[in-house]
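Q:
Number of protein chains: 2
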Amino acid sequence: MNEGLREDYFSLVHLLEENNRLGGIMGILHWDQEVIMPAGASESRAQQIGALAGVLHEKTIHSEMGKLLDRLPHADENGFTAFEWCNIREARRDFDMATRIPKALVTELAELSSRAHQVWVKARAENKFSNFAPVLKRLLDLKIKWAGHVFPDMQAYDANIDIYERGTTQKDINPVFDKLKAQLIPLIKSIQESGYQPDTGFLSGQFPIEKQEALGRKISEEMGFQFDKGRMDVSVHPFCGGSHPTDVRITTRYRTDNFIESLYAVIHETGHGLYEQGRMQNGRDLPVSEALTMAIHESQSLFWERMIAQGRPFCTRYLPLLAETFPQNFKDVTPERFYEGVNVCQPSLIRVEADEVTYPMHVILRYELERGLFDGSVQVEDLPEIWNAKMKEYLGVEPLTDTLGVLQDTHWSGGAFGYFPSYTLGAIYASQFYRALIQAKPGVEKQVEAGNLAPVRDWLGIQIHQQGRLLSVPALVKQVTGENLNPESFLDYLKNKYRQIYRLN
Amino acid sequence: MNEGLREDYFSLVHLLEENNRLGGIMGILHWDQEVIMPAGASESRAQQIGALAGVLHEKTIHSEMGKLLDRLPHADENGFTAFEWCNIREARRDFDMATRIPKALVTELAELSSRAHQVWVKARAENKFSNFAPVLKRLLDLKIKWAGHVFPDMQAYDANIDIYERGTTQKDINPVFDKLKAQLIPLIKSIQESGYQPDTGFLSGQFPIEKQEALGRKISEEMGFQFDKGRMDVSVHPFCGGSHPTDVRITTRYRTDNFIESLYAVIHETGHGLYEQGRMQNGRDLPVSEALTMAIHESQSLFWERMIAQGRPFCTRYLPLLAETFPQNFKDVTPERFYEGVNVCQPSLIRVEADEVTYPMHVILRYELERGLFDGSVQVEDLPEIWNAKMKEYLGVEPLTDTLGVLQDTHWSGGAFGYFPSYTLGAIYASQFYRALIQAKPGVEKQVEAGNLAPVRDWLGIQIHQQGRLLSVPALVKQVTGENLNPESFLDYLKNKYRQIYRLN
Numbered sequence: 004m005n006e007g008l009r010e011d012y013f014s015l016v017h018l019l020e021e022n023n024r025l026g027g028i029m030g031i032l033h034w035d036q037e038v039i040m041p042a043g044a045s046e047s048r049a050q051q052i053g054a055l056a057g058v059l060h061e062k063t064i065h066s067e068m069g070k071l072l073d074r075l076p077h078a079d080e081n082g083f084t085a086f087e088w089c090n091i092r093e094a095r096r097d098f099d100m101a102t103r104i105p106k107a108l109v110t111e112l113a114e115l116s117s118r119a120h121q122v123w124v125k126a127r128a129e130n131k132f133s134n135f136a137p138v139l140k141r142l143l144d145l146k147i148k149w150a151g152h153v154f155p156d157m158q159a160y161d162a163n164i165d166i167y168e169r170g171t172t173q174k175d176i177n178p179v180f181d182k183l184k185a186q187l188i189p190l191i192k193s194i195q196e197s198g199y200q201p202d203t204g205f206l207s208g209q210f211p212i213e214k215q216e217a218l219g220r221k222i223s224e225e226m227g228f229q230f231d232k233g234r235m236d237v238s239v240h241p242f243c244g245g246s247h248p249t250d251v252r253i254t255t256r257y258r259t260d261n262f263i264e265s266l267y268a269v270i271h272e273t274g275h276g277l278y279e280q281g282r283m284q285n286g287r288d289l290p291v292s293e294a295l296t297m298a299i300h301e302s303q304s305l306f307w308e309r310m311i312a313q314g315r316p317f318c319t320r321y322l323p324l325l326a327e328t329f330p331q332n333f334k335d336v337t338p339e340r341f342y343e344g345v346n347v348c349q350p351s352l353i354r355v356e357a358d359e360v361t362y363p364m365h366v367i368l369r370y371e372l373e374r375g376l377f378d379g380s381v382q383v384e385d386l387p388e389i390w391n392a393k394m395k396e397y398l399g400v401e402p403l404t405d406t407l408g409v410l411q412d413t414h415w416s417g418g419a420f421g422y423f424p425s426y427t428l429g430a431i432y433a434s435q436f437y438r439a440l441i442q443a444k445p446g447v448e449k450q451v452e453a454g455n456l457a458p459v460r461d462w463l464g465i466q467i468h469q470q471g472r473l474l475s476v477p478a479l480v481k482q483v484t485g486e487n488l489n490p491e492s493f494l495d496y497l498k499n500k501y502r503q504i505y506r507l508n
Numbered sequence: 004m005n006e007g008l009r010e011d012y013f014s015l016v017h018l019l020e021e022n023n024r025l026g027g028i029m030g031i032l033h034w035d036q037e038v039i040m041p042a043g044a045s046e047s048r049a050q051q052i053g054a055l056a057g058v059l060h061e062k063t064i065h066s067e068m069g070k071l072l073d074r075l076p077h078a079d080e081n082g083f084t085a086f087e088w089c090n091i092r093e094a095r096r097d098f099d100m101a102t103r104i105p106k107a108l109v110t111e112l113a114e115l116s117s118r119a120h121q122v123w124v125k126a127r128a129e130n131k132f133s134n135f136a137p138v139l140k141r142l143l144d145l146k147i148k149w150a151g152h153v154f155p156d157m158q159a160y161d162a163n164i165d166i167y168e169r170g171t172t173q174k175d176i177n178p179v180f181d182k183l184k185a186q187l188i189p190l191i192k193s194i195q196e197s198g199y200q201p202d203t204g205f206l207s208g209q210f211p212i213e214k215q216e217a218l219g220r221k222i223s224e225e226m227g228f229q230f231d232k233g234r235m236d237v238s239v240h241p242f243c244g245g246s247h248p249t250d251v252r253i254t255t256r257y258r259t260d261n262f263i264e265s266l267y268a269v270i271h272e273t274g275h276g277l278y279e280q281g282r283m284q285n286g287r288d289l290p291v292s293e294a295l296t297m298a299i300h301e302s303q304s305l306f307w308e309r310m311i312a313q314g315r316p317f318c319t320r321y322l323p324l325l326a327e328t329f330p331q332n333f334k335d336v337t338p339e340r341f342y343e344g345v346n347v348c349q350p351s352l353i354r355v356e357a358d359e360v361t362y363p364m365h366v367i368l369r370y371e372l373e374r375g376l377f378d379g380s381v382q383v384e385d386l387p388e389i390w391n392a393k394m395k396e397y398l399g400v401e402p403l404t405d406t407l408g409v410l411q412d413t414h415w416s417g418g419a420f421g422y423f424p425s426y427t428l429g430a431i432y433a434s435q436f437y438r439a440l441i442q443a444k445p446g447v448e449k450q451v452e453a454g455n456l457a458p459v460r461d462w463l464g465i466q467i468h469q470q471g472r473l474l475s476v477p478a479l480v481k482q483v484t485g486e487n488l489n490p491e492s493f494l495d496y497l498k499n500k501y502r503q504i505y506r507l508n
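In order, the protein sequences belong to chains A and B.
For the first sequence, this note's numbering assigns the number 4 to the initial residue and increments by one for each residue that follows.
For the second sequence, this note's numbering assigns the number 4 to the initial residue and increments by one for each residue that follows.
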């Protein structure tokens, strides 16, 4: 490689590192806003975030960046390592995405998203979808236009999915979701009709917050969360944020009459946090080390929450700790009763409260609606009616208000079409990864039951966390599991587990 | 005024607001680092702060800024309001200060300050001034060079003072400090020799942190701190930070064997916080509304800490609350005993632990050394010897180690020469402001004794907080007090108070 090219690469690295650090600062501003900021600062914080977003945008499209990318290779063929080539590729993608859109469209999208959020909050509070419909329609038009500029060779909905789930299109998702639908609807129905229902009475009671917090911290720590490189706090909605692999911040929320939601939120967010803390040691300020996609991130949180912490070995191991923490509730509870109690399946109206069997149906419903909106087969005005009909068909429940139906999620109000599939793709990948783990380390469930979670964490670290963005999602999944995106292992997992819990033949 | 000029002004406002918001973000990063950041993030945080500082520097010296400032007037004569002219003047000052220094000097100063801090930490831990001397000498040389570039018409030490205390020079300070010295040394001596010493036994004991925190919050709130636009947390060194007048964050620290230090730290930092929360309602993202100088900021914290909270009316008012909070300590304590107990004067080696009578002598010592370093009459190598001799002369105590002497403060290691005078100028201004308040509102001490602190806060708000940077310090002091910087009211205050407490004829 010639010297000039090498120098250009180092100049690029310098710019990317600077942007990454400014991005980390944005992470702190968001965390602070959700966790600790005084209420009166919301207006000034919005302006600070706006100012920093402006700086980041300027830097992403800076002419110096453009010149470097012009000179650097456009394909992996010039003697750059995979690590280096990944940084070039990622920088070019960001640059192209930011520069291909006319400025007027950027501005209108930013303004409309912000306004639409306010409109949605009000429409939701007042249960009036018709007030939200006009801005939603406009957002959709703009996102279709946006797609035409950024990815002119893609279908508009695929381009929107690509932001969150690069390399995955409707062609990949359609057959997978169709298969899930075909098998989950009857499974949910038979669970509903089962004469056996797990006992969950022992999960209600009085649970002091200090005890819940100590319990969550202990389990998070045993999972491997490093509290010297992270924090755990309280926010309205649990999330994992922060500014760097050495500064990863998870949150949960507490209710005194229920501890299990908070505990599983801690475990879920710790799963995200381990991904961030476990990133490769080199290039931590560069795109190459970043988490791959939304679905892969979600696969890590769900891996710990569902495949591990809702599994028998974990329940068996941690029941004594729970009994010690909350003796009045757990004194007569067997591991099997505990396991069944945390794996209840119950169709409900609200996605974020759904269990692992019904959750995919909430996602598929939204995916089908979005697909229809983008291909013109669904009109915005008809969303409430179709929503309710699909809820009835898929889950057997029907919202009486739009607030509990089509208006429940914030995503569309921010123009985030194409985000929902990631949740269920993540659940599928988690089940595939778990199967691969069991095959690679047959004794791992025994180790979990013995309280040794390190083999799980280490395997995920090597297989996924340290891989960064070196591979595409399909290539990574293939490398880890030997197969492509495959709903079968997810369906097998759900069917085996829930047929047994609900005594279905 | 022509239209173009008006447009230029609005463009300038836009740039200034953006910079101000980025500056607010820097405030959050620093607060987070001191209060809440996981220890493992120190390296990544330093890089984030570096990246944001780089952006702020770029924006301060941006060619667009330069062009606007070229076109906008250089003197207050073009029909701009005082508010507008202040923003132009402040922007020009920042631009000039940032652009007049050769880039090589900027870089060397930044790198050396950072390195010097590490060297100082080590030298202080090892009690070896000689290890710190070479970097200190180099820092001094660079700061003299810096002064030659930025303020070529000023003496180098005046230029350094000007960063913190604009418009105040050695010519102003010398006679004031000489007068303090002449009168405080004998006052301290006679206090030392007094047969009467106040009882402070009741200030020792066991004070649970929750009770201390609740007490601090209550008093801070009664002083007028708005907790919906601010926070109170814990840090190693108490400070007041944050990102905006709607996001002001004070800190304190707790010891279980002493509550009074923590409580007075809360009151001190609340004084700073009220200044920030009380800034003018317009232009809150513009220089015009910002706090005036370090000394004026310190005058506000000291006003509340000393003039109010160490005064008899406040002690009388809040003794019952203290007795309720810590009954075992305060059951037999009279207001007079409490007042005397919090006003003990005792020469000591460490500036930050000093009381209001001895504190100025710590400052004057440093000021005289700095002045000597800049005019060449003091050599860096001789600092420890001169330090110790002056300590003996001024306070009658002599440090046995440099760690407890010349190495105790962090300021010089960061190149912050000229900062120390602000502390004592602030104390003098506080006493002048208090005298003005009593004259303007003769009943105010009765109101404080009745628990009504609003008149104090409101008067400071109108007289000082809402004035922003519209006036220079001398002009503001003149407007509020009718006089110039005047050590007499400070000396009168100290002499009256301590002669009485210590029964000095």
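Glycine is no exception: its CB is placed at the ideal position from the N, C-alpha and C atoms.
List the endpoints of the continuous beta strand (DSSP E) containing residue 246 of chain B.
A: Residue 246 of chain B -> beta strand (DSSP E) spans 243-247.
Q: Taking the CB atoms as reference points, tell me whether residue 429 of chain B and residue 305 of chain B lie closer together than 9 Å.
A: In this structure, residue 305 of chain B lies closer than 9 Å to residue 429 of chain B by Cβ.
Q: At what residues does the beta strand (DSSP E) containing residue 251 of chain A begin and finish?
A: Here the beta strand (DSSP E) through residue 251 of chain A covers 250-255.
Q: Anything in the region 141-158 of chain B with a Cβ closer than 9 Å to a Cβ of chain C? List those residues in chain order, please.
A: Among the chains of the structure shown, chain C does not appear; the protein chains present are A and B.
Q: Any Cβ of chain B within less than 9 Å of the Cβ of residue 284 of chain A?
A: No, residue 284 of chain A does not count as interfacial toward chain B.
Q: Using a Cβ-Cβ cut-off of 6 Å (strictly less than) and excluding sequence neighbours within five positions of residue 420 of chain A, which residues of its own chain qualify?
A: 146, 163 and 373.
Q: Are residue 149 of chain A and residue 138 of chain A touching if we call contact CB-CB under 9 Å?
A: No, they are not a contact pair.
Q: Entirely within the region 140-216 of chain B and at least 4 residues each: give me those alpha helix (DSSP H) ranges in chain order.
A: Complete alpha helix (DSSP H) runs here, min 4: 159-167 and 173-196.
Q: Report yes or no: is there a C-beta of chain B within less than 9 Å of the C-beta of residue 51 of chain A?
A: Residue 51 of chain A counts as touching chain B.
Q: I want to verify the contact list: residues of chain B whose CB lies under 9 Å from the CB of residue 233 of chain A, in sequence order.
A: Those within 9 Å of residue 233 of chain A in chain B are 41, 43 and 44.
Q: Check whether chain A comes within 9 Å of residue 248 of chain B, counting only Cβ atoms and requiring the distance to be less than that.
A: By this cut-off, residue 248 of chain B is an interface position.
Q: Output the boundary residues of the beta strand (DSSP E) element that contains residue 282 of chain A.
A: Where residue 282 of chain A is concerned, there is no enclosing beta strand (DSSP E), given that its DSSP letter is neither H nor E.
Q: Chain A partners of residue 28 of chain B, CB-CB under 8 Å?
A: Within 8 Å Cβ-Cβ: 28, 32, 51, 54 and 55.
Q: Got a sec: is the Cβ-Cβ distance from residue 25 of chain A to anything in chain B below 9 Å?
A: Chain B, which has a Cβ nearer than 9 Å to the Cβ of residue 25 of chain A, makes this yes.
Q: Does the Cβ of residue 233 of chain B have 16 or more other Cβ atoms within 10 Å, making it buried, or fewer, making it exposed?
A: Buried, since its Cβ has 16 or more Cβ neighbours within 10 Å.
Q: Taking the CB atoms as reference points, tell me whether residue 270 of chain A and residue 224 of chain A lie closer together than 9 Å.
A: In this structure, residue 224 of chain A does not lie closer than 9 Å to residue 270 of chain A by Cβ.
Q: Does the beta-carbon of residue 43 of chain B have 16 or more other beta-carbons within 10 angstroms, so that it is buried, or is it exposed?
A: When all chains shown are included, residue 43 of chain B counts as buried.
Q: Can you give the Cα-Cα distance for residue 322 of chain B and residue 115 of chain B, rounded to whole angstroms?
A: Going by the C-alpha atoms only, they are around 49 Å apart.
Q: With DSSP as the reference, please indicate the residues paired to residue 261 of chain A in a beta bridge.
A: Residue 261 of chain A pairs with A:207 and A:258.
Q: Return the Cβ separation of residue 41 of chain B and residue 231 of chain A in integer angstroms, given the expectation that the two are a contact with Cβ distance under 8 Å.
A: That belief holds up - the Cβ atoms of residue 41 of chain B and residue 231 of chain A are roughly 6 Å apart, short of 8 Å.
Q: Only counting runs of 4 or more residues, tell me where the alpha helix (DSSP H) segments fall wholly within the region 31-81 of chain B, in order along the chain.
A: Runs of the alpha helix (DSSP H) inside the region 31-81 of chain B: 45-63 and 66-74.
Q: Report the residues of the region 467-488 of chain B with a CB closer than 9 Å to any CB of chain A, ordered along the chain.
A: Of all residues in the region 467-488 of chain B, none has a Cβ within less than 9 Å of some Cβ in chain A.
Q: In the DSSP assignment, the beta strand (DSSP E) including residue 235 of chain A goes from what residue to what residue?
A: Its beta strand (DSSP E) spans residues 233-237.
Q: Kindly list the residues whose CB is nearer than 6 Å to the CB of residue 326 of chain B, restricted to its own chain and excluding five residues on each side of it in sequence; keep chain order.
A: Correct list, in chain order: 333.
Q: Quick one: what does DSSP say residue 328 of chain B is sitting in, helix, strand or coil?
A: Note: residue 328 of chain B maps to helix in three-state DSSP.
Q: By the 10 Å Cβ neighbour count, where 16 or more other Cβ atoms means buried, how is residue 367 of chain A classified, buried or exposed?
A: Buried, by the Cβ-count rule.
Q: In terms of residue numbering, what span does the alpha helix (DSSP H) encompassing residue 497 of chain A cover?
A: It spans 490-504 - the alpha helix (DSSP H) in which residue 497 of chain A sits, taken as one unbroken run.
Q: From which residue to which residue does the alpha helix (DSSP H) around residue 397 of chain B run?
A: Where residue 397 of chain B is concerned, the enclosing alpha helix (DSSP H) stretches over 386-398.
Q: According to DSSP, is residue 14 of chain B part of a helix, a strand, or is it coil?
A: Residue 14 of chain B falls in the helix class under three-state DSSP.
Q: Short of 6 Å in beta carbon distance, which residues of its chain neighbour residue 214 of chain A, apart from the five on each side in sequence? Order them along the chain.
A: These residues qualify, in order along the chain: 328.
Q: Taking the alpha carbon of residue 404 of chain A as the reference point, which residue from A:185, A:264, A:436 and A:133 has its own alpha carbon closest?
A: The shortest Cα separation from residue 404 of chain A among A:185, A:264, A:436 and A:133 belongs to A:133.
Q: Near residue 289 of chain B, what residues of its chain come up, given a Cβ to Cβ distance below 6 Å and the 5 sequence neighbours on each side ignored?
A: Excluding positions up to five away in sequence, the list reads 19 and 90.
Q: Taking only three categories from DSSP, how would you classify residue 346 of chain B?
A: Coil, per DSSP.
Q: Starting from the Cα of residue 166 of chain B, find the closest Cα among B:192, B:101 and B:45 and give me that residue.
A: Looking at the Cα atoms, B:101 is the closest of the given residues.
Q: Just verifying my parser: in three-state terms, what is the DSSP assignment at residue 464 of chain A?
A: DSSP places residue 464 of chain A in helix when its eight states are reduced to three.
Q: Between the region 152-161 of chain A and the region 374-381 of chain A, do three or more beta carbon pairs fall short of 8 Å?
A: Touching, per the Cβ criterion.
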